[in-house]
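Please read the structure below before turning to the comments.
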Amino acid sequence: MTRYFEYGDTEVDYLKSHDKRLAGAIDAVGHIYRPMEEGTLFSGIVHHIVGQQVSSAAQATVWARLRDKLGEVTPQAVCAAPEDELQSCGTTFKKVEYIKGVANRIMRGEFDLDAVEHMPDEEAIQALSSLPGIGRWTAEMLLLFNLGRPDILSYGDLAIQRGMRMVYHHRKITRPLFERYRRRYSPYGSVASLYLWEISHMDVPDYDRDYAPKKKKTPRK
9 MTRYFEYGDT EVDYLKSHDK RLAGAIDAVG HIYRPMEEGT LFSGIVHHIV GQQVSSAAQA
69 TVWARLRDKL GEVTPQAVCA APEDELQSCG TTFKKVEYIK GVANRIMRGE FDLDAVEHMP
129 DEEAIQALSS LPGIGRWTAE MLLLFNLGRP DILSYGDLAI QRGMRMVYHH RKITRPLFER
189 YRRRYSPYGS VASLYLWEIS HMDVPDYDRD YAPKKKKTPR K
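In the working numbering, each residue's number is its place in the sequence shown (first place is 1) plus 8.
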């Protein structure tokens with residue numbers, strides 16, 4: 009059964025009362041049913057690594073092959089599998105190195121995934137970002153869609169920035185401007201993220217224009 013990111017009237021009412029522009033977007037879009045990642049935090053890490061710089065369809069294919077080969081995607085199973093077998097699932101050698109590196113650190117007791125689940129957001133992001141193949145954006149997405157953290161808003165997410173430009177009619181989302189909105193949404197930044205993502209690719213009246221400056225065309229020589 010598909011598990012969705014859970015939110016309700018408490019989060020929606022808070023955001024709407026603190027931000028009139030976002031309130032309009034929330035009313036226009038309605039409730040969002042955003043699927044959560046299946047499985048454990050470790051399997052989520054592997055899923056994100058194999059999905060880097062490939063299409064969603066390619067990620068799904070590689071992921072299905074990995075699960076077929078390993079059964080349950082665990083650190084033990086990854087460590088036991090030869091590198092060429094993992095690569096034969098359709099991923100790159102570099103990504104196999106990352107996946108093996110994460111699994112080995114966990115198996116050697118050098119990294120405690122269970123502890124991450126109980127860390128404050130920023131501490132958890134820093135910890136996850138120390139793993140091979142995991143950057144800040146990936147760590148933030150793991151917190152949101154694997155752990156269900158309620159206050160995740162990613163400055164490094166281009167769709168979030170696009171959604172903000174469309175909601176607030178800004179030409180550019182600077183870091184100070186982003187932080188202003190982040191504080192406004194807190195402690196329900198994750199729900200705000202869902203709506204900003206949705207607005208970024210939906211055709212909603214009054215929220216359907218990206219105010220970013222047009223890129224100048226380079227004249228042909």
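Glycine included, C-beta positions come from ideal geometry on N, C-alpha and C.
Checklist entry - Roughly how many whole angstroms lie between the Cα atoms of arginine 192 and aspartate 214? => result The sequence position of residue 192 within the sequence shown is 184, counting from 1. The sequence position of residue 214 within the sequence shown is 206, counting from 1. Rounded to the nearest angstrom, the two C-alpha atoms are 21 angstroms apart.
Checklist entry - How many angstroms separate the CA atom of leucine 74 from the CA atom of methionine 115? => result In the sequence shown, the residue the question calls residue 74 occupies position 66. In the sequence shown, the residue the question calls residue 115 occupies position 107. Leucine 74 and methionine 115 have their C-alpha atoms spaced approximately 19 angstroms apart.
Checklist entry - Is it the case that the Cβ atoms of valine 81 and threonine 99 are separated by a distance below 7 angstroms? => result Counting from 1 along the sequence shown, the entry for residue 81 is found at position 73. Counting from 1 along the sequence shown, the entry for residue 99 is found at position 91. Cβ atoms of valine 81 and threonine 99: not closer than 7 angstroms.
Next on the checklist: Measuring straight from C-alpha to C-alpha, what distance separates tryptophan 205 and arginine 183?
Outcome noted: Position 197 of the sequence shown, counted from the first residue, corresponds to residue 205. Position 175 of the sequence shown, counted from the first residue, corresponds to residue 183. The straight-line gap from Cα to Cα measures roughly 18 angstroms.
Checklist entry - Cβ atoms of glutamate 19 and valine 199: under 7 angstroms apart, would you say? => result For this step, residue 199 is matched to residue 191 along the sequence shown. For this step, residue 19 is matched to residue 11 along the sequence shown. A contact, by the Cβ cut-off of 7 angstroms.
Checklist entry - DSSP three-state call for proline 195: helix, strand or coil? => result Residue mapping note: residue 195 aligns to position 187 of the sequence shown, counting from 1. Here proline 195 sits in coil by DSSP.
Checklist entry - How many whole angstroms separate the CB atoms of arginine 188 and glycine 197, which I take to be in contact at a CB cut-off of 8 angstroms? => result Here residue 188 refers to the residue found at position 180 of the sequence shown. Here residue 197 refers to the residue found at position 189 of the sequence shown. Rounded, the Cβ-Cβ distance is 13 angstroms, inconsistent with contact.
Next on the checklist: Using the three-state DSSP reduction, which class does proline 158 fall into: helix, strand or coil?
Outcome noted: Numbered from its first residue, the sequence shown carries residue 158 at position 150. In this structure, proline 158 counts as coil in the three-state DSSP scheme.
Item to check | Option in Ala65, Tyr22, Gly52 and Glu46 with minimal Cα separation from alanine 147 | outcome: Here residue 147 is taken as the residue at index 139 of the sequence shown, counted from 1. The residue among Ala65, Tyr22, Gly52 and Glu46 with its C-alpha nearest the C-alpha of alanine 147 is Gly52.
Next on the checklist: Quick test of the definition: if touching needs 3 or more C-beta pairs under 8 angstroms, does the region 34-43 touch the region 53-64?
Outcome noted: In this structure the region 34-43 does not touch the region 53-64; the number of beta carbon pairs closer than 8 angstroms is below three.
Next on the checklist: On a Cα-Cα basis, can you pick out the residue from Arg113, His209 and Arg173 that is closest to proline 221?
Outcome noted: As a working mapping, residue 221 is identified with position 213 in the sequence shown. Measuring from the Cα of proline 221, the nearest candidate turns out to be Arg173.
Checklist entry - Where does the unbroken alpha helix (DSSP H) through serine 64 begin, and where does it stop? => result Residue numbering aside, residue 64 sits at position 56 when the sequence shown is read from its first letter. Residue range 64-78 is occupied by the alpha helix (DSSP H) that includes serine 64.
Item to check | Of the residues Ala167, Leu202 and Ala72, the one placed nearest glutamate 14, counting alpha carbons only | outcome: Along the sequence shown, read from residue 1 onward, the residue named residue 14 stands at position 6. It is Leu202.
Checklist entry - Should glycine 171 go down as buried or exposed, given a rule of 16 or more other Cβ atoms within 10 Å for buried? => result Mapped onto the sequence shown, residue 171 falls at position 163. Flag for glycine 171 reads buried.
Item to check | Contact under 7 angstroms by Cβ, valine 86 with alanine 111 | outcome: Taking the first residue of the sequence shown as position 1, residue 86 is located at position 78. Taking the first residue of the sequence shown as position 1, residue 111 is located at position 103. Valine 86 places its beta carbon less than 7 angstroms from that of alanine 111.
Next on the checklist: With H, G and I counted as helix, E and B as strand and the rest as coil, what does DSSP make of proline 43?
Outcome noted: As a position in the sequence shown, residue 43 is number 35, starting the count at 1. Proline 43 sits in a strand when the DSSP states are folded into three classes.
Item to check | Contact belief for glutamine 67 with glycine 59 at Cβ below 8 angstroms, rounded distance in angstroms | outcome: Here the question's residue 67 lines up with position 59 in the sequence shown. Here the question's residue 59 lines up with position 51 in the sequence shown. At roughly 4 angstroms, the Cβ-Cβ gap stays under 8 angstroms, so glutamine 67 and glycine 59 are in contact.
Checklist entry - Smallest Cα separation from leucine 151: which of Met9, Glu105, Ala33 and Ala132? => result On the sequence shown, position 143 is the one that residue 151 refers to. Closest by C-alpha distance to leucine 151, out of Met9, Glu105, Ala33 and Ala132, is Ala132.
Checklist entry - Mind checking whether serine 138 and arginine 144 have CB atoms under 7 angstroms apart? => result Start at 1 with the first residue of the sequence shown, and residue 138 comes out as number 130. Start at 1 with the first residue of the sequence shown, and residue 144 comes out as number 136. No; because the gap between Cβ atoms is not below 7 angstroms, this pair is not in contact.
Checklist entry - Quick one: what's tyrosine 12 bridged to in DSSP? => result Position 4 of the sequence shown, counting from 1, holds the residue named residue 12. As DSSP reads the structure, tyrosine 12 sits in a beta bridge with Pro43.
Item to check | Extent of the continuous alpha helix (DSSP H) to which glutamine 84 belongs | outcome: On the sequence shown, residue 84 is found 76 positions in, with the first residue counted as 1. Where glutamine 84 is concerned, the enclosing alpha helix (DSSP H) stretches over 83-88.
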